[in-house]
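Numbering-wise (our numbering), the sequence shown opens with residue 18 and increments by one.
Glycine residues also receive a C-beta, built at the ideal position from the N, C-alpha and C atoms.
Below is one structure; the comments refer to it alone.
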Amino acid sequence: MNSLVCVKQVPDTTAVKIDPVTNTLIREGVPSILNPFDGFALEMALRLREQAGGTVTLLSMGPPQAAETLRTCLAVGGDRAFLVSGREFGGSDTLATSYILSCAVKALEERTGERFDVIFCGKQAIDGDTGQVGPELAEHLDLPQITYATDAVQENGRLRVRRETAEGYEVLECGLPAVVSVTKTAYELRYATVKGIFFSNRAEIPVITPQEMEGKIDLSRAGLKGSPTKVKKSFTPQRSKQCALVDEASPAASGTRLAALLFEANKI
Ligand SMILES: Cc1cc2nc3c(=O)[nH]c(=O)nc-3n(C[C@H](O)[C@H](O)[C@H](O)COP(=O)(O)OP(=O)(O)OC[C@H]3O[C@@H](n4cnc5c(N)ncnc54)[C@H](O)[C@@H]3O)c2cc1C
């Protein structure tokens, strides 16, 4: 069972601020981390490898420093990693990103001579937060997809996936290859081992460039020019706090007064 896990390097959003003048993210001095949902996806792929054999390959699109995130993934047990990078890809929106990733998947399959049985993505990236890349990737590759997965096992050459729904959970089965996007699981990403850290430090991370994909990618669908999304404005919403103390003569009177205040504020 060969898995490919798409991972994104994201700013640690607890520390992110927006520049009020340029309306862009202030990235200077903000630490970068592995997108947490991609960590859950990686752990799911590693468990699947333990159950059914095969390999776990990592793929990320980003600037050269995104290789650090790929090394983090190799240290916890990934077999190999590839970075998709190039100036032509900068400014891509989700449609362009998923298109570029789909071209990279095809290029990798050709390069390694292996087919990926499962392509894992996180449910969403914590910076862009759209949750669109996984489903769009499935469409570009014309593959079935299962979203909001919380566990996946191989059974008789098929994939059995437990997924979260608004009401609870459901178990689905699908043929392979397939795309699976992963939400928070009951398990955390395992820790790196010393052996894993040595391996990841020495591992070569090949960069897939636009030139390398020549003939296999339509560059007019990549980068800012190939992105139909236009960001008109971004801003940090102003928050205000108002406090009203409800302290009537009795608990019942306080309840009535509280209900009246909530009603006036259109909250109930
Ligand atoms: C006009 C425009 C220009 C932009 N320019 C840039 C830019 O120059 N640089 C930039 O970093 N962002 C840029 N972005 C943001 C970028 O489009 C999104 O971050 C990216 O498309 C992923 O979308 P998301 O973060 O909402 O991911 P989601 O759809 O929320 O991610 C879901 C999953 O898809 C996978 N995934 C997502 N992105 C990647 C990736 N890059 N590599 C591997 N797997 C991935 C992960 O598994 C992730 O968990 C731009 C956006 C717009 C609208």
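Residue i beta carbon near ligand 1 (any heavy atom closer than 7 Å)
i	result
Phe99	no
Ala62	no
Ser77	yes
Leu125	no
Leu65	no
Cys23	yes
Gln162	no
Val150	yes
Leu206	no
Gly145	yes
Own chain partners of residue i with C-beta closer than 7 Å, once the 5 adjacent residues on each side are dropped
i	result
Glu153	Thr111, Leu112 and Ser115
Tyr204	Glu60
Arg238	Ala113 and Tyr116
Exposed unless 16 or more other CB atoms sit within 10 angstroms - verdict on residue i
i	result
Phe133	buried
Ala269	exposed
Pro37	exposed
Cys90	buried
Lys140	buried
Glu60	buried
Glu135	Checking the sequence, you will find Val at residue 135 rather than Glu. So Val135 counts as buried.
Lys25	buried
Gln255	exposed
Thr210	exposed
Glu127	exposed
Glu105	buried
Residue i versus residue j: straight-line alpha-carbon distance, rounded
i	j	result
Lys34	Ala266	45 Å
Pro80	Ala166	28 Å
Leu76	Ser217	15 Å
Gly8	Thr86	Outside the shown range of the chain (18 to 285) lies residue 8, about which nothing can therefore be said.
Gly272	Leu278	10 Å
Ala96	Gln171	Ala is not the amino acid found at residue 96; the sequence shown has Asp there. Rounded to whole angstroms, Asp96 to Gln171 spans 19 Å at the Cα level.
Ala220	Lys212	12 Å
Leu160	Pro194	7 Å
Other residues of its chain near residue i: CB distance less than 6 Å, five sequence neighbours each side excluded
i	result
Val188	Arg179
Thr253	Ile35
Ala155	Gln162 and Val196
Leu158	Ser119
Ser190	Sequence inspection shows Glu at residue 190; the Ser mentioned does not correspond to that position. Correct list, in chain order: Arg175 and Arg177.
Residue i versus the options, residue with shortest Cα-Cα distance
i	options	result
Ala226	Glu190, Gln259 and Gly103	The sequence given here has Thr at residue 226, not Ala. Thr226 has its Cα closest to that of Gly103, out of Glu190, Gln259 and Gly103.
Phe54	Gly185, Gln259, Leu206 and Asn283	Leu206
Glu181	Ser198, Pro194 and Glu131	Ser198
Ile43	Gly56, Leu51, Asn52 and Asp29	Asp29
Lys233	Ser109, Val122, Gly46 and Gln68	Val122
Thr202	Asp168, Gly174, Val47 and Ile285	Asp168
Leu125	Gly94, Lys242, Ala69 and Val22	Val22
Gly151	Gln259, Phe280, Ala282 and Ala58	Ala58
Cβ neighbours of residue i in the same chain (closer than 8 Å, five flanking residues each side left out)
i	result
Ser307	The structure shown does not extend to residue 307, since the chain spans only 18 to 285, so no value can be given for it.
Gln82	Gln26 and Ser49
Pro223	Phe99 and Leu100
Val263	Ser271, Arg274, Leu275 and Leu278
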